[in-house]
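Heads up, the sequence shown is in the numbering used here, so the first residue is 23 and it goes up one at a time. Built from N, CA and C at the ideal position, the CB exists for glycine as well. Here the structure is a predicted model, which means the values were calculated and not measured.
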Amino acid sequence: MLSSGLNPLQALWFQFLEYLPQLIAAAIIFIVGWIIAPVLGRLATRLVRFTGVDDWIDQMDVNERLRIRADSRYTILSSMVGLLIRWLVVLAVIGVAADAINLPQVSEFIGAVFAYIPNVLAAVVILAIGFVGAQYAADFVATGIDVSRFPVANRQAVAAVAKYSIIIFTIMAALTQLRIVPDLI
């Protein structure tokens, strides 16, 4: 394509001009994706809010039981889902833009990240259910000791043992789900 008589700077310039349409395409993909990502994030937030899950979480005091501060933007599940969707779209757009400029390693890495996301989501669900369940179990044990009138010197210590046993098992289950320690449980 290039004649052998061209000097190296001219050859570099022509290679750049051949590559320029791919760079422009990648830039357009990235800009459009960067604009669309927050829109999709807000749409996901509204859809989750519409389901009433946020109200159910408030009624169940999940945020309080997980010790999430009231002024945190993560107190509402819909906000977390919206942020997650937004950044997943940005990540996907980066992968498509990397494909447009022929960077297969970046695309493969992003593909591996997307393949790992279900494990992360499952681990988050395991942790949330485990931590909330541990608090309920501690309350149940403490109330059970009170009602049974067993001569237990420190009911809070027994409730704490129940709670932290469940939390430790929950963390082990999450680590197994994340394939960090696959043979732990």
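At which residues does the alpha helix (DSSP H) containing residue i begin and terminate?
{"i": "ARG64", "result": "30-73"}
{"i": "LEU113", "result": "99-122"}
Run through DSSP, which three-state label would residue i get?
{"i": "ILE202", "result": "coil"}
{"i": "ARG171", "result": "coil"}
{"i": "LEU143", "result": "helix"}
{"i": "MET82", "result": "coil"}
{"i": "LEU4", "result": "Nothing in the structure corresponds to residue 4, since the chain is present only between 23 and 207."}
{"i": "LEU125", "result": "coil"}
Looking at C-alpha atoms only, which residue of the options is the closest neighbour of residue i?
{"i": "VAL128", "options": "GLY117, SER100, ASP80 and ILE107", "result": "GLY117"}
{"i": "MET102", "options": "ASN124, TYR186, VAL54 and ALA66", "result": "ALA66"}
{"i": "ASN141", "options": "ILE190, ALA195 and GLU130", "result": "ALA195"}
{"i": "PRO43", "options": "VAL154, ILE123, GLY74 and ILE151", "result": "ILE123"}
{"i": "TRP109", "options": "GLN81, ALA144, ALA182 and ILE57", "result": "ILE57"}
{"i": "ALA145", "options": "ILE79, THR198 and PHE72", "result": "THR198"}
{"i": "LEU200", "options": "ALA181, VAL135 and LYS185", "result": "VAL135"}
{"i": "THR192", "options": "ALA175, ALA156, ARG177 and LEU69", "result": "ALA156"}
{"i": "ILE107", "options": "GLN81, ILE51 and LEU62", "result": "LEU62"}
{"i": "LEU149", "options": "ILE190, ALA59, ASP205 and ALA120", "result": "ILE190"}
{"i": "TYR158", "options": "LEU45, TYR186, ASP121 and ILE50", "result": "TYR186"}
{"i": "ALA164", "options": "ALA179, PHE153 and PRO60", "result": "ALA179"}
{"i": "PRO60", "options": "PHE162, VAL111, GLY133 and VAL169", "result": "VAL111"}
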